[in-house]
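Structure record follows, encoded as structure tokens.
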Amino acid sequence: DAGVTQSPTHLIKTRGQQVTLRCSPKSGHDTVSWYQQALGQGPQFIFQYYEEEERQRGNFPDRFSGHQFPNYSSELNVNALLLGDSALYLCASSFLGGRGNEQFFGPGTRLTVL
Amino acid sequence: GQQVMQIPQYQHVQEGEDFTTYCNSSTTLSNIQWYKQRPGGHPVFLIQLVKSGEVKKQKRLTFQFGEAKKNSSLHITATQTTDVGTYFCALGSSNTGKLIFGQGTTLQVKP
Numbered sequence: 019d020a021g022v023t024q025s026p027t028h029l030i031k032t033r034g035q036q037v038t039l040r041c042s043p044k045s046g047h048d049t050v051s052w053y054q055q056a057l058g059q060g061p062q063f064i065f066q067y068y069e070e071e072e073r074q075r076g077n078f079p080d081r082f083s084g085h086q087f088p089n090y091s092s093e094l095n096v097n098a099l100l101l102g103d104s105a106l107y108l109c110a111s112s113f114l115g116g117r118g119n120e121q122f123f124g125p126g127t128r129l130t131v132l
Numbered sequence: 077g078q079q080v081m082q083i084p085q086y087q088h089v090q091e092g093e094d095f096t097t098y099c100n101s102s103t104t105l106s107n108i109q110w111y112k113q114r115p116g117g118h119p120v121f122l123i124q125l126v127k128s129g130e131v132k133k134q135k136r137l138t139f140q141f142g143e144a145k146k147n148s149s150l151h152i153t154a155t156q157t158t159d160v161g162t163y164f165c166a167l168g169s170s171n172t173g174k175l176i177f178g179q180g181t182t183l184q185v186k187p
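Just so you know, the sequences run in chain order A and B.
Residues in the first sequence are numbered consecutively from 19, following the working numbering.
Residues in the second sequence are numbered consecutively from 77, following the working numbering.
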């Protein structure tokens, strides 16, 4: 049973570019959450997708957008990249909307913006 | 919004010594989750505490939820080098899956 998978593993972009990160949740999970983890910090909640809709959003600008597909996989898109967007982007999946449930994190995508 | 403060930020111990990290909130928490992140890795779920005064043990790890549900602690007895990593507490919403993470406590264990 595969856990949460993310692609790509690493990514290097330049300022102003756009990036798409992908996540496949753990088998049986229906909810995907995205987090940004800057070096030395705890993960910060970006948004959560459930039933193909953005259910909750953290304090991130509209440059951050996402999508969930019918097979529960998800994408995170970031437009007009800034140097400060350099971070580890983590995808976490859970079941039943994640209400109070543990979340299973993927290995993350390390994004570097030059 | 709700926040959780975690102390200490760093802890260096000799192998065999005990270790404790504390998580505090100014508001009552519906539940608290603990995660461990190894260097270069991703957060891995350890446990969830829900009830006031709850104490749960996992081998050498003891997790506690305060009576007022405003604080929590993780205690490791007789640390080993495999305990190295950053331990995060996270506030979990009872309505959604949003997690609010503390800043984490990074544990270094000298062999």
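A virtual CB, placed ideally from N, CA and C, is assigned to each residue, including glycine.
- Distance from the CA of T27 of chain A to the CA of D159 of chain B, rounded to the nearest whole angstrom, comes to 25 Å.
- Under the three-state reduction of DSSP, G126 of chain A is assigned to coil, being neither helix nor strand.
- Contact of S51 of chain A with chain B is assigned, a C-beta pair being separated by under 8 Å.
- The Cβ of K133 of chain B sits no closer than 8 Å to any Cβ of chain A.
- P61 of chain A has a beta carbon lying within less than 8 Å of a beta carbon in chain B.
- Note that the C-beta distance between Q124 of chain B and E120 of chain A is below 8 Å.
- In the three-state DSSP reduction, T162 of chain B falls in the strand class (E or B).
- For L57 of chain A, the secondary structure class from DSSP, reduced to helix, strand or coil, is coil.
- By DSSP's assignment, K133 of chain B forms a beta bridge with B:T138.
- Relative to D80 of chain A, the option among A:R73, A:V96, A:E70 whose CA is nearest is A:V96.
- Counting only Cβ-Cβ distances below 8 Å, P125 of chain A has contacts in chain B at G117, H118, in chain order.
- Secondary structure at T155 of chain B: coil, using DSSP grouped into helix, strand and coil.
- With a threshold of 8 Å between beta carbons, S42 of chain A makes no contact with chain B.
- Here the alpha carbon of C99 of chain B sits roughly 6 Å from the alpha carbon of V80 of chain B.
- Taking C-beta separations shorter than 6 Å and ignoring five residues to either side along the sequence, the partners of T97 of chain B in its chain run L150, Y163, T181, following chain order.
- Under the 10 Å beta carbon count, L101 of chain A is surrounded by fewer than 16 other beta carbons and is classified as exposed.
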